[in-house]
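> Below you'll find the structure I mean.
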Amino acid sequence: MAASPKQPILPSPEAAALPQQLKDLADELWEEIFLRVASPSDLARASTACSSFRRLIADPTFLRRHRSIHPPLVGLIISHRDRFRFQPVEAPHPNAPAASALAAAAGFTFDYLPHGPWGPFDVRDGRLLLGRPPQGKKDGYWFPDLTVCDPLSRRSLLLPRIPGDLISSAAEKKRCILPALLPCGHEEEDTSSFRVISTMYCVEKLVVFIFSSSSGCWNIGKSTTWDALGLAIPIPPGRNIVPLSLHSDYACGCVYWKLLGMNKLLQFNINSLEFCTVDFPLDHNMTTKPVIVETAEARLGMFNVTSNQESLYYATRQNGGLRSNEWKTEDIISLPEGYRFLIAGALGGYIILLASPVTRPHSAYFSLEVKTMKIERIGRAERCNGRIYPYIGFPPSISPRGHEMD
């Protein structure tokens, strides 16, 4: 009997799909590896190795994720009296070319804003939260006009005022508001959205309002009393005395304010909407203002200048601990010689240091990156009697909801 001819063996659909699955898996692994490359120049060099790497690194989704994890420090927003300006980082800083290009392309003159004067309240994710004095006090509270500005697109959104009925239902007549921007999440798809937190302090209580650009509305986040926090905050009648530092820090999902005249922080958890107080380390110097940061290990960190102003004190605390003995001194960080240092600002994993000359010819700004503890010179410093904000990353477009001002 003649043997039947051999039939070709065709691969099953599952077997045919396997190489593509392996390729997709390899792409995912390489993407996670590239996301851990902090330096833009190193990432650019990696993209030249082969076409597959170039395709992965050039993908807009990857670049958005990378910038959210490693936003570059490109300059400073410096306020001086009733004016403020952008100062790009200077060569030989590695981000100097990008900073120079941003300064040329963006609208840092802010001449497209309505009549001011406008001043910065906060800077985050490439956006500025600006305020101008209100036309007058209404119902016994002071609430500035607020706008969120994107210098690159020269667009801004004028935030609505907190509705009077919302305020009257939450607080007494004597009150003042401290506004700040909340950071965007790393994985948020809509990078144009943003939130603003306004903390209203009153004689007897604290009230938090949160604005969302997605809804275009303010909502009450939480209220508590000074007594519930175990604090006695004397505010003389007829005077607006802010018992909190005017500027807040954000770390580990919480907003922090220094309680003036106390060795404590006020903490507000954005997720649980709860207030509490956190003690400073027992050896903390109350005469200087520390900054609160999130460490590379996602723990709470505190930096402060030492008494000789030549180094930085660095301590960390496990998240959830509230007592002073739960802080751990990590290091005393030496700073460049020939200067006396002050902490000028902190944001997005960077601490900005103002260096006054002792044996050097000029004042200068330096940055310390919290993840790497790398110290770099930003540029020459000029006289400033206001707040300094690190300008990090490139701003996304402004969400269309709200009151847009062209």
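Quick note: the sequence shown uses the working numbering, first residue 253, plus one each step. Just so you know, even glycine gets a beta-carbon here, dropped at the ideal spot from N, CA and C.
Might you give, ordered along the chain, the residues of its own chain that have their beta carbon closer than 6 Å to the beta carbon of G638, omitting 5 neighbours on each side?
The residue labelled residue 638 in the question sits at position 386 within the sequence shown. Excluding positions up to five away in sequence, the list reads S331 and H332.
> Note down the Cα distance separating R612 from F520, rounded to an integer number of angstroms.
The residue given as residue 612 occupies position 360 in the sequence shown. The residue given as residue 520 occupies position 268 in the sequence shown. Each residue's Cα considered, the two are about 41 Å apart.
> Out of E549, W509 and P542, which one is the CA nearest neighbour of S247?
One cannot answer for residue 247 here, as it falls past the ends of the chain, which runs 253 to 658.
> Can you tell me which of the three DSSP states F314 falls into?
Locating residue 314 in the sequence shown gives position 62, where the first residue counts as 1. Three-state result, F314: helix.
> A353 to S299, Cα distance in whole Å?
On the sequence shown, residue 353 is found 101 positions in, with the first residue counted as 1. On the sequence shown, residue 299 is found 47 positions in, with the first residue counted as 1. Cα to Cα, A353 sits roughly 22 Å from S299.
> Look at the alpha carbon of F305 and the alpha carbon of E280, and state the distance between them as a whole number of angstroms.
Taking the first residue of the sequence shown as 1, we reach residue 305 at position 53. Taking the first residue of the sequence shown as 1, we reach residue 280 at position 28. Rounded to whole angstroms, F305 to E280 spans 11 Å at the Cα level.
> What residue from E562, G473 and E578 has the CA that sits closest to T568's CA?
Walking along the sequence shown from the start, residue 568 turns up at place 316. The option with the nearest alpha carbon to T568 is E578.
> Note down the Cα distance separating F286 from R319, rounded to an integer number of angstroms.
On the sequence shown, position 34 is the one that residue 286 refers to. On the sequence shown, position 67 is the one that residue 319 refers to. Approximately 12 Å, taken between the alpha carbons.
> Could you name the residues that DSSP lists as bridge partners for P609?
To locate residue 609, count along the sequence shown from 1; it is residue 357. Beta-bridge pairing links P609 to Y591.
> Less than 6 Å between C-beta atoms, sequence neighbours within five positions excluded: which residues of the same chain meet that for S497?
Residue 497 sits at position 245 when you count from the first residue of the sequence shown. So the qualifying residues of the chain are W509 and K510.
> Going along the chain, which unbroken runs of the beta strand (DSSP E) with 3 or more residues stay wholly within the region 452 to 520?
Segments of the beta strand (DSSP E) lying fully in the region 452 to 520: 457 to 464, 469 to 477, 501 to 503 and 506 to 510.
> Check D374 in the structure and name its three-state DSSP category.
Along the sequence shown, one-based indexing puts residue 374 at 122. Here D374 sits in strand by DSSP.
> Hey, how far is the Cα of S408 from the Cα of L398?
The residue labelled residue 408 in the question sits at position 156 within the sequence shown. The residue labelled residue 398 in the question sits at position 146 within the sequence shown. Spanning the two alpha carbons is a distance of roughly 10 Å.
> Look at the alpha carbon of P385 and the alpha carbon of P396, and state the distance between them as a whole number of angstroms.
Mapped onto the sequence shown, residue 385 falls at position 133. Mapped onto the sequence shown, residue 396 falls at position 144. If I take the Cα positions, the gap works out to 5 Å.
> What does the alpha-carbon distance come out to for the pair L411 and I449?
Position 159 of the sequence shown, counted from the first residue, corresponds to residue 411. Position 197 of the sequence shown, counted from the first residue, corresponds to residue 449. Each residue's alpha carbon lies about 12 Å from the other.
> Ordered along the chain, which non-local residues of its own chain (more than five positions away) have a Cβ less than 8 Å from that of T529?
Walking along the sequence shown from the start, residue 529 turns up at place 277. Correct list, in chain order: L481, G482, L483, L511, K516, L517, L518, Q519 and L574.
> For H438, which residues in the same chain have their Cβ closer than 8 Å to its Cβ, ignoring the five residues on either side in sequence?
Position 186 of the sequence shown holds residue 438. Model confidence at H438 stands at a pLDDT of 49, short of 50, so the residue's coordinates are unreliable; what they give is reported in the following sentence. Around H438: R317, S320 and I321.
> Could you say which of Q570, M554, P642 and A616 lies nearest to I584 if we only look at CA atoms?
In the sequence shown, residue 584 corresponds to position 332, counting from 1. Checking every option, the nearest Cα to that of I584 belongs to M554.
> Are the CB atoms of G600 and P435 within a distance shorter than 9 Å?
Walking along the sequence shown from the start, residue 435 turns up at place 183. Walking along the sequence shown from the start, residue 600 turns up at place 348. Yes, the pair counts as a contact, with Cβ atoms nearer than the cut-off.
> So what does DSSP say about F395, is it helix, strand or coil?
One-based indexing of the sequence shown puts residue 395 at position 143. F395 falls in the coil class under three-state DSSP.
> Just to check my reading of the structure: V507 and A432 have Cβ atoms closer than 8 Å, yes? What is that Cβ distance to the nearest angstrom?
Along the sequence shown, read from residue 1 onward, the residue named residue 507 stands at position 255. Along the sequence shown, read from residue 1 onward, the residue named residue 432 stands at position 180. Correct: roughly 7 Å between the Cβ atoms.
> Assign D658 to one of two classes, buried (16 or more other C-beta atoms within 10 Å of its C-beta) or exposed (fewer than that).
The sequence position of residue 658 within the sequence shown is 406, counting from 1. The pLDDT assigned to D658 is 41, lower than 50, so where the model puts this residue is not dependable; a value taken from the coordinates is nonetheless given after this. Classification of D658: exposed, given that the 10 Å Cβ count is below 16.
> D531 lies in the beta strand (DSSP E); which residues open and close that run?
Translated into the one-based positions of the sequence shown, residue 531 becomes position 279. Run containing D531: E526 to D531, per the beta strand (DSSP E) assignment.
> For P323, does the count of other Cβ atoms within 10 angstroms reach 16, so buried, or fall short, so exposed?
Within the sequence shown, the letter at position 71 stands for residue 323. It is buried - the Cβ of P323 has at least 16 other Cβ atoms within 10 Å.
> Please determine, among I429, A348, A350 and G359, the residue with the shortest C-alpha to C-alpha distance to G383.
For this step, residue 383 is matched to residue 131 along the sequence shown. Answer by Cα proximity: I429.
> Below 8 Å on the Cβ atoms is my contact criterion, and I expect I329 with P372 to pass it. Report the Cβ-Cβ distance as a whole number of Å.
What you label residue 329 is simply residue 77 of the sequence shown in a count that begins at 1. What you label residue 372 is simply residue 120 of the sequence shown in a count that begins at 1. Rounded, the Cβ-Cβ distance is 6 Å, consistent with contact.
> Considering only residues of the same chain and omitting the five flanking positions on each side of T476, which have a CB-CB separation below 7 Å?
Numbered from its first residue, the sequence shown carries residue 476 at position 224. Here the set comprises K457, L458 and F527.
> Run the CB neighbour count on V610, radius 10 Å, all protein chains shown included, and call it buried at 16 or more, exposed below.
As a first step, residue 610 must be located in the sequence shown, where it is residue number 358. Exposed, since its Cβ has fewer than 16 Cβ neighbours within 10 Å.
> For D479, which of V455, R629, T547 and A633 has the nearest alpha-carbon?
By 1-based counting over the sequence shown, the position of residue 479 is 227. Comparing Cα positions, the closest option is V455.
> Would you grab the beta carbon distance between Y641 and G597 for me? Rounded to a whole angstrom, and I think it's under 8 Å.
Stepping through the sequence shown from its first residue, residue 641 is reached at position 389. Stepping through the sequence shown from its first residue, residue 597 is reached at position 345. Right, the Cβ-Cβ distance comes to about 5 Å (below 8 Å), so this counts as a contact.
> Rounded to a whole number of angstroms, what is the C-alpha to C-alpha distance between T361 and S500?
In the sequence shown, counting from the first residue as 1, residue 361 sits at position 109. In the sequence shown, counting from the first residue as 1, residue 500 sits at position 248. Their backbone Cα atoms lie some 25 Å apart in a straight line.
> Tell me the DSSP secondary structure of D363 in three-state form.
Position 111 of the sequence shown holds residue 363. Three-state DSSP puts D363 in coil, outside helix and strand.
> Which one of H345, G645 and C469 has the shortest CA to CA distance from R413?
In the sequence shown, counting from the first residue as 1, residue 413 sits at position 161. Comparing Cα-Cα distances from R413 to each of H345, G645 and C469, the minimum goes to C469.
> Quick one: grab the DSSP three-state call for G368.
Here residue 368 is taken as the residue at index 116 of the sequence shown, counted from 1. G368: coil per DSSP, three-state reduction.
> Under the rule that 16 or more other beta-carbon atoms within 10 Å means buried, what is P403, buried or exposed?
As a first step, residue 403 must be located in the sequence shown, where it is residue number 151. Buried, because 16 or more other Cβ atoms sit within 10 Å of the Cβ of P403.
> Under 9 Å between the Cβ atoms of L418 and C401?
Reading the sequence shown from its first residue, position 166 is the one you call residue 418. Reading the sequence shown from its first residue, position 149 is the one you call residue 401. Not in contact: L418 and C401 (Cβ atoms no closer than 9 Å).
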